[in-house]
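>
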Amino acid sequence: MPGVTTMSDADDDVTVPDDSSFGVLSGAFWALVIAFGLGLFFYDFGVVTLEEVVNGQPIGVIHNFRVTMSVIAMVGGGGFVAVTGWFVYRYAAPRRETAAKLRPGSGRYTFSVWSLGIAFLVLMTVFMGASALAQTDQAADPTAQAGTDRVLEMDITAGQWFFRYDVAGVPFTQGNHVVLPADTVIKFRITSADVIHSFAIQELGVKKDAMPGQVNSAWFSVEEVEGERTITVNGTEIPADTYQVTCAELCGKGHSQMVSQVFIVSPEDYRTWVEANGGTVPESFEASEGGHGEEEEGGH
Amino acid sequence: MTEHNTDVSDNGDTVQSDHDDDHGPSGWRYWLYTTDHEVIGIIYLWNALFFFAVGGLAALVFRTELALSPANAILNSAGYNSLLTLHGLTMVFFVIPPLTGAFQNYLIPHWVGAEEMAYPRWNALGAWSITAGGLLLWLPLFTNALGLTGLPANGGWFQYPPLTTMFNSSGIDAEIVGLTLLLGGGSIPGGINFFVTVVNERRPDLGWFDIPIACWAIGIITPALGFYTFPWVVTALNLNFLERAFEMTFYNARTGGAPLLYQWIWWTFGHPEVYILVIPGMGIAMEIIGRFSERPIFGNKWVIVSFATLSLFSAGVWAHHMFTTGLGASRYAFMVFSMVIALTFSLYLFSALATMYKGRVHLTTPMLFSIGLLVGLVYSGMEGLQLGQPALDQMLHSTYFVVGHFHFTLFMVGVMGLLAGVYYWYPLITGRMYSSLAGKYHAVTTLAGLPLLFFLMARLGELGMMRRYATYTYMPELQFWHVLTTGAAFFVASGQLVFFINMLWSLRYGERVDNPWEDVLSGQNMPSPEWDGFPHHAPTPENVYDEIPADDVDVDLDDDSGAVLSDGGAGVDAGGDDDE
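Protein chains in written order, with our numbering: chain A, 1 to 300; chain B, 1001 to 1580.
Encoded structure:
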């Protein structure tokens, strides 16, 4: 009698609210439920690895690192969930007579192996992460990272609920949109006029908080212009790409309307645009004109 | 309840029957004046379930709003922000901790063989501080609707100043007072109370490592983490209050304060808080996984080590919530700490899986929720590994990817484990059994629905949906994904609705039971004190088996072929592992 009552779980026995609800198939059923979630996991992490990204920085570094992390996640995390689902199917009570005994002390060896394995993975992510951060950081050398010598500086002031852009060489404050050159490191400083905001261009992997009383800085660059739209300067149309700017820190009721656009044009067109507006491009932009960025341009 | 009291008095020298005495107060006074830990546990439970429903309904309202139109549909933006904030605060402060508190109150004395809590009156105060705090949080919504006051709290659940300092509404003040009441009046003394009860009121014959694993998690680790972290948040909030009420300066940059100061204090609380929300569920799940796999917990002490180290580490990773605020080299340090936490979680996960390995897994409702917790922990962890990387955080921070991530953590780990606990101990608390079929429906909608809902959120984030956006007119093509997400939310909600109906219906009409798990678990020789009384020893192989499997004998000697049984006849006796 002892120890064997488990097999008598009758379906109609309400007081044994049990594994037998789906009979012998219950393990398979719940394994399928787990597999459904696992499929979504693979979809979400898999799509990341297949996505095409903009030619630019720091998104380039971020994307590559993210692909690696996603693969680790799919193998490690996905593997764990798959094993869990398998155990649910394989060891479900209706199909099993007994449980194997646990050997005392059996944990020491396996725990050590497991922990060392995980520690190795953690160490890998630490080193990869530190390297990725150094490459995207404002302290690093962005021009090397972006593969261009041109540099343009910009000041951003965020407020409820707007972004204001002041770009070096442009003799006026640009309103809610800003025109910027491709193949150039855009270094920006950002602060806030009131509450905390955050300047984000998702497509370029840029996000920096605008803190009142504090100036933060970061950089980004776009390699080339695909010309998905045009902007008109003195009656001439120049090809441009649009990048969506969003506010990434809750800043009051206008938060979700605090969006803006960055128009990226080629360096030549940028010069035309600045000069047409009575400005002069700064030296940092000028100096390296004819540098190695040149060959990528010119042909629109 | 009566049957249960007999259980307790059987256990040993102490007879506890205060609340059965006829001369006690009756009616509402019975509830209001009680200092009985079981009754207080039930008050916690009602509070938690009530706010779970309220917070969930709030979420459905703004999910519907998001699905209907990229622009404002039902709510204006300020109303959306308010509802979102109330949802977050409710779920974080008024659902998971009180649900944990229900088990802490009801079960800790039974787990450690104590007659009562160490400080019963403090305990009663804690119970009512939930109701009071919750009312203060939600009342401004109604007074605002009536035109009497400004909006309720609407600065997001972490309420960064100067937004919340500058925001001119009594809603924020009411919320700060409410949270202070809850945390200062309830959670901090409550945590001390639970901790002291386990340490001081424990039966002398119950060794530290004989304490059930769930009690380790919710009676020792969680309270300790709580009374370390809650003072931080009370400080952060009340400096804000002083600034609002008395024009003192802490966070306002214009008058010489630092907005970042708030974030340092807040997240020093905020990250360990996450672990306060998940460790109870993890402890409960481990207890359940062991029992329903018919195996002793694999590495009982290692799991305790895992809980202890992960709460220790949790106190050192807070700045990963602030990677975009302009931090410098400290990002490297906080990245390393954040990654290392994976190691401590992996100990837990490994132990859970190794416990199920070659076991005999009973897919009961509490077991399904416990398995769901394991899966949720992996999903949340895999997203967390990316968010803990400052380089990736630049892209993912403040998008719906984060929303998906922390919902995995809080719902599919924290709440999931506690729901497992509700299903497991409901018969113990009420003396009645619920409908298992309804429980299974709840399990399907939750196990399948939560990954659907939260991976859709993650996808939305990758596509460019920003967190806390009342509208998304900048990217109207996201509406398709929002409709799917809202559909998933309603699917999940249908399961929770069944859960509520099941619990309430069974309270009155459920079949009376003593111990519904008796049939499943008898013969395993793995008693647990709340069901079986004392003396109690940890379910380690040494204590569970009559004959200890020899070190050099392969564990596979027992039948683990998993053969499908052709008849319902008696199973093979596993070899002397039963002594009843």
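Where is the CB? At the ideal position from N, CA and C, for every residue including glycine.
Bear in mind that the values here come from a model prediction, so they are computed numbers and not experimental data.
(1) Could you name the residues of the same chain whose beta carbon sits closer than 6 Å to that of V1553 (chain B), not counting the 5 residues immediately before and after it, in chain order?
(2) Return the CA-CA distance between G1133 (chain B) and F1269 (chain B), expressed in angstroms with no decimal places.
(3) Please go through the same chain and pick out, in chain order, the residues whose beta-carbon is closer than 8 Å to the beta-carbon of N1072 (chain B), but skip the five residues on each side of it.
(4) List the residues of chain A that V1278 (chain B) touches, going by C-beta distances under 9 Å, in chain order.
(5) Report yes if the CB atom of V1513 (chain B) is closer than 7 Å to the CB atom of M1526 (chain B), and no otherwise.
(6) Can you pull the chain B neighbours of H177 (chain A), defined as C-beta to C-beta under 7 Å?
(7) What are the start and end residues of the beta strand (DSSP E) that includes R164 (chain A)?
(8) On the three-pair Cβ rule with 8 Å, is the stretch 221 to 239 of chain A touching the stretch 187 to 198 of chain A?
(9) Since R189 (chain A) meets chain B, which of its residues come closer than 7 Å, beta carbon to beta carbon?
(10) Figure out for me which residue from A:E153, A:Q214, A:K207 has the closest Cα to the Cα of D282 (chain A).
(11) Where does the unbroken beta strand (DSSP E) through P239 (chain A) begin, and where does it stop?
(12) If you run the structure through DSSP and keep just helix, strand and coil, what is G1079 (chain B)?
(13) For the candidate residues B:L1312, B:L1373, B:V1498, B:L1460, whose alpha-carbon lies nearest to that of W1481 (chain B)?
(14) In angstroms, rounded to a whole number, what distance separates the CA positions of T111 (chain A) and L1349 (chain B)?
(15) Does any residue of chain B have a CB that is nearer than 7 Å to the CB of S284 (chain A)?
(16) Give the range of the beta strand (DSSP E) segment to which P181 (chain A) is assigned.
(17) Could you name the residues of the same chain whose beta carbon sits closer than 7 Å to that of A1124 (chain B), not counting the 5 residues immediately before and after it, in chain order?
(18) So, is F1330 (chain B) buried or exposed, given that buried needs 16 or more other C-beta atoms within 10 angstroms?
(19) Could you tell me the alpha carbon to alpha carbon distance between L1557 (chain B) and A100 (chain A), rounded to whole angstroms?
(20) Between R1508 (chain B) and W1267 (chain B), what straight-line distance do the alpha-carbon atoms span, to the nearest angstrom?
(21) Any chance you could list the alpha helix (DSSP H) runs of at least 4 consecutive residues sitting entirely within the stretch 1254 to 1341 of chain B, in chain order?
(22) Note down the Cα distance separating W1122 (chain B) from L1447 (chain B), rounded to an integer number of angstroms.
(23) Between the stretch 36 to 55 of chain A and the stretch 1449 to 1456 of chain B, are three or more C-beta pairs nearer than 8 Å?
(24) So, is A1538 (chain B) buried or exposed, given that buried needs 16 or more other C-beta atoms within 10 angstroms?
(25) Could you compute how far the alpha carbon of E286 (chain A) sits from the alpha carbon of Q174 (chain A)?
(26) Once DSSP output is grouped into helix, strand and coil, what is the label at M154 (chain A)?
(27) H56 (chain A) bridges to which residues according to DSSP?
(28) Between B:I1043, B:M1091, B:L1135, B:R1254, which lies nearest to F1581 (chain B) when the distance is taken from Cα to Cα?
(29) Can you tell me the Cα-Cα spacing of S1129 (chain B) and L1179 (chain B), whole angstroms?
(30) Is P1098 (chain B) near N1047 (chain B), with beta carbons less than 7 Å apart?
(31) V1555 (chain B) to R103 (chain A), Cα distance in whole Å?
(32) Let me see if you follow: with CB-CB separation under 7 Å, is I1548 (chain B) close to chain A or not?
(33) Is the CB of A1458 (chain B) under 7 Å away from at least one CB in chain A?
(34) Start and end of the alpha helix (DSSP H) containing F1406 (chain B)?
(35) Find the residues of chain C that neighbour E228 (chain A), judging by a C-beta separation of less than 7 Å, and give them in chain order.
(36) Exposed or buried, what is P171 (chain A) when buried is set at 16 or more other beta-carbons lying within 10 Å of its beta-carbon?
Looking at the atomic coordinates:
(1) Its pLDDT being 40, under 50, V1553 (chain B) is placed unreliably in this model, and the value from its coordinates should be taken loosely. Correct list: empty, nothing qualifies.
(2) Answer to the nearest angstrom: the Cα atoms are 19 Å apart.
(3) Counting only Cβ-Cβ distances below 8 Å, and skipping sequence neighbours, we find E1065, Y1080, A1470, T1471.
(4) The contacting residues do not exist; V1278 (chain B) stays about 17 Å from chain A at best.
(5) Here V1513 (chain B) is not near M1526 (chain B), since their CB atoms are 7 Å or more apart.
(6) Counting only Cβ-Cβ distances below 7 Å, H177 (chain A) has no contacts in chain B at all, with the closest Cβ about 13 Å away.
(7) Under the DSSP assignment, R164 (chain A) falls in the beta strand (DSSP E) whose first and last residues are 162 to 167.
(8) Cβ pair count under 8 Å is below three, so no.
(9) Residues of chain B passing the Cβ test: none, with the nearest at roughly 11 Å.
(10) Before going on, a small fix: residue 282 (chain A) reads as Pro here, not Asp. Checking every option, the nearest Cα to that of P282 (chain A) belongs to A:E153.
(11) It spans 236 to 247 - the beta strand (DSSP E) in which P239 (chain A) sits, taken as one unbroken run.
(12) In the three-state scheme derived from DSSP, where H, G and I count as helix and E and B as strand, G1079 (chain B) is classed as helix.
(13) The shortest CA-to-CA distance from W1481 (chain B) to any of B:L1312, B:L1373, B:V1498, B:L1460 is the one to B:L1460.
(14) Note on residue identity: the sequence assigns Phe, not Thr, to residue 111 (chain A). Between the alpha carbons of F111 (chain A) and L1349 (chain B) lies a gap of roughly 11 Å.
(15) It does not; no Cβ of chain B falls within 7 Å.
(16) Per DSSP, the unbroken beta strand (DSSP E) holding P181 (chain A) starts and ends at 177 to 181.
(17) Sequence-distant partners of A1124 (chain B) (beyond 5 residues in either direction) whose C-beta falls short of 7 Å from its own C-beta, in its chain, are T1034, T1035, I1040.
(18) Going by the sequence as given, residue 1330 (chain B) is Ser instead of Phe. Answer is exposed; the Cβ neighbour count stays below 16.
(19) Its pLDDT being 38, under 50, L1557 (chain B) is placed unreliably by the model, and nothing is read from it.
(20) About 44 Å.
(21) Listed in chain order, the alpha helix (DSSP H) elements of length 4 or more contained wholly in the stretch 1254 to 1341 of chain B are 1259 to 1292, 1300 to 1314.
(22) Computed Cα separation, rounded: 37 Å.
(23) Yes: at least three Cβ pairs fall under 8 Å.
(24) Buried.
(25) In a straight line, the C-alpha of E286 (chain A) is about 21 Å away from that of Q174 (chain A).
(26) Three-state DSSP puts M154 (chain A) in a strand.
(27) Note on residue identity: the sequence assigns Gly, not His, to residue 56 (chain A). Residue pairing from DSSP places G56 (chain A) in a beta bridge opposite A:V222.
(28) Chain B is shown from 1001 up to 1580; residue 1581 (chain B) falls before or after that span and cannot be answered.
(29) Those two C-alpha atoms are separated by around 9 Å.
(30) Taking C-beta atoms as the reference points, P1098 (chain B) and N1047 (chain B) count as a pair closer than 7 Å.
(31) Any reading at V1555 (chain B) needs caution, since the residue's pLDDT is 43, under 50, leaving its predicted position unreliable; the model's value is listed next. Within the model, the alpha-carbon separation for V1555 (chain B) versus R103 (chain A) is close to 7 Å.
(32) Cβ-Cβ to chain A under 7 Å: yes for I1548 (chain B).
(33) Judged by the 7 Å Cβ criterion, A1458 (chain B) is in contact with chain A.
(34) Going by DSSP, F1406 (chain B) is part of the alpha helix (DSSP H) stretching over 1400 to 1407.
(35) No chain C is part of this structure, whose protein chains are labelled A and B.
(36) Burial call: exposed.
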